[in-house]
Amino acid sequence: MNKIKFNIPFTSGKEIECVADVIERKHLAGKGFYTQKCNQWMKDMFNFEHCFFTPSCTDALEMTALLLNLKTGDEVIVPSYSFVSTANAFASNGASIVYADSQEYSPNVDAKSIESKITKNTRAIVVVHYGGYPCDIESIQTIAKKHGVILIEDAACALGSNVKGKPIGSFGDFATFSFHETKNITSGKGGLLVVNNTIYLNRAAIIWEKGTNRAAFFKGEVDKYGWVDYGSSFLNSEIQAAFLYGQLMSYEKVQAARMNVWNQYFSEFAEISQKVGYRHNAHLFYLVLPSEKERDAFIKHMNANGIQAVFHYQALHNSSFSIEKFGKFDCPNADKFERCLVRLPIHCSLTQGEVNKVIEQTNAGLTDANLSLVREN
Ligand SMILES: *Cc1c(COP(=O)(O)O)cnc(C)c1O
């Protein structure tokens, strides 16, 4: 029996044509023809004016951390229910991490929890659009403005999501995206920093190019270039950009295929899944079960029937590394999602037969776990 995989990265065949072309062009290191093409695509599609493509979303977050010029004692508020990089990029650059909790009925961060954590030392708020579902970004934007702190969107999974038509990634001073193979659009690995607050543009260009003013040199603004700031090797290669562009050309197709699966799951399992079913980019479909025991039994059932269903995230405030560095935090909702959330397979290669089987086995698994109560709530 062939196992139904949780994720299979999408490929269109156009990637190889673009990579073959980039080899012909003899410019492979970065900031070339295909980086420009990807840049233009982002502008046309989402109005992202200032794009810095990076080897990963983690790199884009690290660039952001460097742009903040963090000093000892500076606090950065991050959602506990997220991937390690959301916090680690800032922790690695000297920030004290302060955790905000999830909402009661959504893994996304709670705006009230964020506001309650703001102190005179808060420099920035990082939000995550969990699994591509937009968080309460309008409220959080208002909070950030009110307290004069920088807002960063970790939009790793959220390319194409929007709030009232405004693209995710255009709310924060900064936004970061991932093109890791687990995301909707991929170049194997890959990332993007969108800088919306133009005050940071000059330094972003410098940090992007290893802390040098190389960009200014090529514009003829200085007569030689050298070391002027912090930075690292944050450019993606042209090979990565070419592959990415090959994927971006199939963006609509990817979205349609994922949405087709998502809609079928949602029509079956709406009542134990996400409460907000719009504006997302069909990146992920999750269920919330009543307890860890039932969640684990459900995963076991799915696996026994050839379906890879998976949990995540380990809430960051529970990591022993984090406790040692930043102390204890109380995030009961993040704890609940860590214990009770499970994700179903969603990708472009799923056949209708496989989708049917996932739905059938999910129903069977829910009965097995004796979930009638949850389904009625
Ligand atoms: C995937 C992901 C990342 C990391 O992305 P990379 O491109 O692998 O560095 C960071 N944050 C969130 C929320 C993610 O989902």
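366 is the number that this note's numbering gives to position 366 of the sequence shown; each next residue is one higher, with no gaps. We put the beta carbon where it would ideally sit given N, CA and C, even for glycine.
Query, Result
"Confirm the yes/no value for this check: CB of Val128, any heavy atom of ligand 1, distance under 7 Å.", "yes"
"Say whether the segment 243 to 256 touches the segment 33 to 43, bearing in mind that this needs 3 or more beta-carbon pairs closer than 8 Å, one atom from each stretch.", "yes"
"Write down the C-beta distance between Leu244 and Gly190 rounded to the nearest angstrom, noting that I regard them as a contact closer than 8 Å.", "6 Å"
"Quick check on DSSP: helix, strand or coil for Arg25?", "helix"
"Let me check one thing: in DSSP terms, what residues is Val288 bridge-paired to?", "Leu341"
"For Thr182, is the beta carbon positioned less than 7 Å from some heavy atom of ligand 1?", "yes"
"Starting from Asp44, trace the alpha helix (DSSP H) in both directions and tell me its first and last residue.", "33 to 46"
"What three-state label does DSSP hand Val149 in the structure shown?", "coil"
"Regarding Ser56 and ligand 1, is the C-beta to nearest heavy atom distance less than 7 Å?", "yes"
"In its own chain, which residues sit with a C-beta less than 6 Å from the C-beta of Phe285, not counting the 5 before and 5 after it?", "Trp262, Tyr265, Leu344, Ile346"
"Could you give the C-beta distance for Cys57 and Phe177, rounded to a whole number, given that I count them as a contact under 8 Å?", "6 Å"
"Tell me, please, whether the segment 54 to 71 touches the segment 27 to 37 by the rule of three or more beta-carbon pairs shorter than 8 Å.", "no"
"Please classify Tyr99 as buried or exposed, where buried requires at least 16 neighbouring CB atoms within 10 angstroms.", "buried"
"Taking the C-alpha atoms as reference points, what is the distance between Ile114 and Ile143?", "8 Å"
"From His283, Leu316, Asp110, pick the residue whose C-alpha is nearest to that of Ser80; which is it?", "Leu316"
"Indicate the three-state DSSP secondary structure (helix, strand or coil) for Ile199 in the structure shown.", "helix"
"Relative to the C-alpha of Asp21, which residue among Thr11, Phe10, Phe33, Ser12 is closest?", "Phe33"
"Pick helix, strand or coil for Ser96, following the three-state DSSP scheme.", "strand"
"Taking Ile118 and Phe171 to be in contact with their CB atoms under 8 Å, please state how far apart those CB atoms are, rounded to whole angstroms.", "Not quite, the Cβ-Cβ distance comes to about 18 Å (not below 8 Å), so this is no contact."
"Would you mind stating whether Ser237 and Leu68 have Cβ atoms separated by less than 8 Å?", "no"
"Determine the extent of the beta strand (DSSP E) in which Phe83 is found, giving its start and end residues.", "Taken as a continuous stretch (DSSP letters only), Phe83 belongs to no beta strand (DSSP E), as it is neither H nor E."
"Quick check on the burial criterion: 16 or more other C-beta atoms within 10 angstroms. Buried or exposed for Lys183?", "buried"
"Ordered along the chain, which non-local residues of its own chain (more than five positions away) have a Cβ less than 8 Å from that of Glu292?", "Arg339, Cys340"
"Find the nearest neighbour of Tyr200 within the set Ser320, Asp173, Gly188, Ser139, judged by alpha-carbon distance.", "Asp173"
"Would you mind stating whether Ala124 and Val149 have Cβ atoms separated by less than 8 Å?", "yes"
"Leaving out the 5 sequence neighbours to the left and right, which residues in its chain are closer than 8 Å to Gly165 when beta-carbon positions are compared?", "none"
"Skipping 5 residues on each side, what residues in its chain have a beta carbon closer than 7 Å to that of Glu104?", "Asn333"
"Looking at Ile140 and Leu159, is the spacing between their C-beta atoms short of 8 Å?", "no"
"One question on the structure: do Val84 and Val109 come within less than 8 Å of each other, judged by their Cβ atoms?", "no"
"Who are the near neighbours of Leu373 in its chain, counting only those whose CB is closer than 8 Å to its CB and skipping five residues on each side?", "Unreliable positioning characterises Leu373 in this predicted model, as indicated by a pLDDT of 41, which lies under 50. The coordinate reading is nonetheless provided below. Hits under 8 Å: Pro290."
"Residues in its own chain within less than 6 Å of Pro134 by CB, not counting five upstream and five downstream?", "Ser161, Val163, Ile168, Arg279"
"If I measure Cβ to Cβ from Pro107 and keep anything under 7 Å in the same chain, skipping five residues before and after, which residues do I get?", "Tyr81, Tyr130, Phe337, Leu341"
"Under 7 Å from any heavy atom of ligand 1, does the C-beta of Thr86 make it?", "yes"
"Can the beta-carbon of Leu192 be found closer than 8 Å to that of Thr351?", "no"
"So the alpha helix (DSSP H) Ser322 belongs to, where does it begin and stop?", "320 to 326"
"Return the Cβ separation of Ile4 and Lys357 in integer angstroms, given the expectation that the two are a contact with Cβ distance under 8 Å.", "7 Å"
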